[in-house]
Amino acid sequence: MLPFNRLLTLNSIAGQFIQLKPISKCTTMLAELHVNLMKWKHPSKQILCLSRQAVKPKTPLLLLWTVPFLSSNNAVKESSEVKQKSNQQKKEIKNAILESDELFESNKYQEATLALLPFKDSNDVEVLWRLSRAQYNVSQSSSVSETEKRQMIQEAYERITEAMVLNDSHWAVHKWMSVLLDARSSYDGIKARITQLENVKRHMLRAVELNPTDATTHYMLGSWCYQIADMPWVQRKIAATIFAAPPTSTFEEALQFFSKAEEIQPRFY
């Protein structure tokens with residue numbers, strides 16, 4: 015049976031049941047069915063008479079069925095606009111990163127910082143570690159006061175920590191975490207700095223593991239080994255009270271890392 019004929023049959027049956035008395039729940043339901051079917055067949059009628067009572071037609075079923083699709087079209091449009099804004103921001107971030115890298119290579123650390131600051135809340139790892147790097151280098155300027163230096167290092171440390179949460183498998187994040195962890199701990203005294211020695215080395219080793227061709231990280235490891243090997247007697251005693259087995263290294267180990275850095279990038283430093 016065709017769908018339209020089936021509807022006509024149901025309509026006829028419903029019309030017959032309406033005449034039944036007394037009125038029961040069944041006849042009431044069928045009466046409503048009759049009204050809805052009539053409305054579907056004659057949607058232009060504004061008033062339907064049933065059992066000597068005026069019944070106002072409700073919104074046609076077809077219209078109700080199409081409303082979600084109208085809303086869906088709006089949602090698709092909004093989603094497209096959001097996607098366009100996202101793509102535009104990604105393009106702006108990419109350009110800012112390129113600009114910041116060029117400025118950093120030219121030793122313009124303050125300008126490199128300013129290029130990325132508009133995107134500091136973008137949750138972009140590439141932005142965060144570069145901001146940390148630039149801020150640290152600005153803090154090392156002789157024109158920066160000790161108070162400003164400490165504040166810059168703290169801000170840079172917070173940003174590199176945020177980057178670490180977002181991606182702990184990025185070599186540059188580990189590299190600059192080691193730098194900033196050491197710089198930050200130096201403000202808390204010798205004991206605090208010695209406490210972080212192993213963590214500093216751990217981040218450098220992880221950076222080398224993730225990117226073996228970065229000469230600077232190898233050089234940093236060489237410096238770490240040299241400083242441990244050349245640690246004054248007083249600091250060794252302090253380290254002995256903190257660690258069951260204090261960190262150790264040798265000048266030979268330091269030389270190996272220095273040589274590796276020179277091999278990767280001759281005269282880089």
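So this note's numbering is basically just the index in the sequence shown, starting at one, shifted up by 14. C-beta: ideal position from N, C-alpha, C; glycine also.
Each residue's CA atom was taken as its position, placing R216 and E277 some 22 Å apart.
Under the 8 Å Cβ criterion, the segment 150–161 counts as touching the segment 116–135, having at least three qualifying pairs. Rounded to the nearest whole angstrom, the C-alpha separation of T175 and S114 is 20 Å.
Assigned with DSSP and collapsed to three states, P226 falls in coil, not helix or strand. Counting the other Cβ atoms within 10 Å of the Cβ of V187 gives 16 or more, which makes it buried. DSSP places A197 in the uninterrupted alpha helix (DSSP H) bounded by W185 to S199. By the CB criterion at 8 Å, A243 and S263 fall inside the cutoff. Per DSSP, reduced to three states, the secondary structure at T175 is helical. The residue from S120, V139, L145 and L112 with its alpha-carbon nearest to that of L128 is L145. Membership of K134 in any alpha helix (DSSP H) is not indicated, and neither H nor E is assigned to it by DSSP.
The segment 249–261 and the segment 199–216 touch, with no fewer than 3 CB-CB distances between them shorter than 8 Å. Every unbroken stretch of the alpha helix (DSSP H) spanning 4 or more residues and falling wholly within the segment 97–167 is given here in chain order: 123–130 and 139–153. Distance check between D135 and each of E266, R173, S200 and R281 places R173 closest, using alpha-carbon atoms only.
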